[in-house]
Amino acid sequence: MSVLFKFRPEVSEEHRNAFVTELKKLKNLPCVKSGRLLVGGPSITDPIERSKGFQIGLVSYHEDRAALAEYQASDEHHRVTSTYMFPYKEDLVRFDFEVDEEDEYMCHFPLVA
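Written out as structure tokens, the structure is:
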């Protein structure tokens, strides 16, 4: 799953940072495969206009569609998005996709604790 977030212009950097902190905690949900949930921003795209104003990106890995559905329906996900994102968002893009079985090996990288 990948998501791009764009906040309204009046939303403070402090609020955006709190959102990132809370998003990162979602990696501890059992439906996130091996804790693989990455959050980053701001965009370093050059030229920056290609980022379309999106400020934060999230990529997470899930075993299957059921695990993704569990993630989306979790109380913790709902708390983070309803508290820190939806009341303040300008735009959001969510793009979920499945990886072909023969390409899954590329999703296995060593985790450093």
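Using the UniProt record's numbering, you'd call the opening residue of the sequence shown number 1 and step up by one each time.
All C-beta atoms in this analysis are idealised placements derived from N, C-alpha and C, irrespective of residue type, glycine included.
Whose C-beta lies closer than 7 angstroms to the C-beta of residue 115 among residues of the same chain, with five residues either side of it excluded? No answer is possible for residue 115: the residues shown for the chain start at 1 and end at 113.
Whose CA, out of Y84, S34, A67 and H78, lies closest to the CA of D96? Nearest of Y84, S34, A67 and H78 to D96, Cα basis: A67.
Neighbour-count burial assignment, V39, 16 or more Cβ in a 10 Å radius: Buried is the call here.
Do L29 and E76 have their C-beta atoms within less than 8 angstroms of each other? yes
CB contact flag (G57, L92, <8 angstroms): no
Output the distance between the C-alpha atoms of K24 and A69, rounded to the nearest integer angstrom. 18 angstroms
So F97 is in the alpha helix (DSSP H); what residue range does that whole segment cover? Per DSSP, F97 belongs to no alpha helix (DSSP H) and is neither H nor E.
Proximal residues to T45 (C-beta, below 7 angstroms), its chain only, five neighbours per side dropped: Closer than 7 angstroms at Cβ, skipping near neighbours: S51.
For the alpha helix (DSSP H) that L29 lies in, which residues bound it at each end? Neither: L29 is in no alpha helix (DSSP H) and is coded neither H nor E.
Using a Cβ-Cβ cutoff of less than 6 angstroms, which residues in the same chain neighbour K27 once the five nearest sequence positions on both sides are dropped? G35 and L37
Between the Cα of M85 and those of H15, S2 and E102, spot the shortest distance and give me the residue it belongs to. H15
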